[in-house]
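The next block holds one structure in the form of structure tokens; read it before the comments.
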Amino acid sequence: MARFIMVLLVPIFVFGYGAKGLNAYKKLCVHCHGPAFKGAAMLYSDEWMQMFADNAKKLREVHKDDPKAMEYLKLRYFERRSKYLMRFLKNNARDMGVVRSCDGLNCG
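Now the structure itself:
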């Protein structure tokens, strides 16, 4: 019985984990970088890892000339959700072979 319950709950947790990153992108990045899956495909997965290393040091450096972007990067929301955002971007990066589009529920 416990195994059956775990089989049912695992997909829910996996989807929720991905949804946190997608929602963070929509709140923080969509204004400048467009749809989420298109934005994620801007870089390769290892480049996304570099961007978020050392408390997103390189990401902050890239956006330093844009005051609005820096405001978003200073938000507590970004600090709390950056690991989910990084994982979403990395998993949907240019080299991951993921081609997403509107599926009726989500237009990334």
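Going letter by letter, the sequence shown gives residues 9 to 116 in the numbering used here. From the three backbone atoms N, C-alpha and C, an ideal C-beta is built for every residue, glycine too.
In the DSSP assignment, the alpha helix (DSSP H) including residue i goes from what residue to what residue?
i	result
P75	75-82
K46	44-48
N100	Looking at the DSSP string, N100 is not in any alpha helix (DSSP H), and its letter there is neither H nor E.
K72	First-last for K72: undefined, no H or E at that position.
Just the Cα atoms here: how many angstroms apart are residue i and residue j?
i	j	result
Y85	Y92	11 Å
D103	P43	18 Å
G26	S90	12 Å
K28	V106	18 Å
K65	R11	42 Å
Whose CA, out of the options, lies closest to the CA of residue i?
i	options	result
M59	A27, K35, L97	L97
H71	C40, Y52, F45, S90	C40
D62	E87, Y33, G29	E87
Y33	E55, K66, M94	M94
K76	K65, G105, K35	K35
Leaving out five residues before and five after residue i in sequence, what residues of the same chain have Cβ atoms less than 8 Å from its Cβ?
i	result
V38	A44, G47
M57	M94, K98
A101	A48, A49, L51, Y52, S53, E55, W56
Is residue i helix, strand or coil by DSSP?
i	result
Y85	helix
C37	coil
G105	coil
Y92	helix
L30	helix
For residue i, which residues from the same chain have a beta carbon less than 6 Å from its beta carbon, with the 5 sequence-adjacent residues on both sides left out?
i	result
R68	L81
Regarding residue i and the ligand ADP, is the C-beta to nearest heavy atom distance less than 7 Å?
i	result
Q58	By its list of ligands, the structure shown contains no ligand whatsoever, and the ligand ADP lies outside what it can speak to.
So, for residue i: in the same chain, excluding its five sequence neighbours on each side, which residues have a beta-carbon less than 7 Å away from its beta-carbon?
i	result
M78	H71, K72
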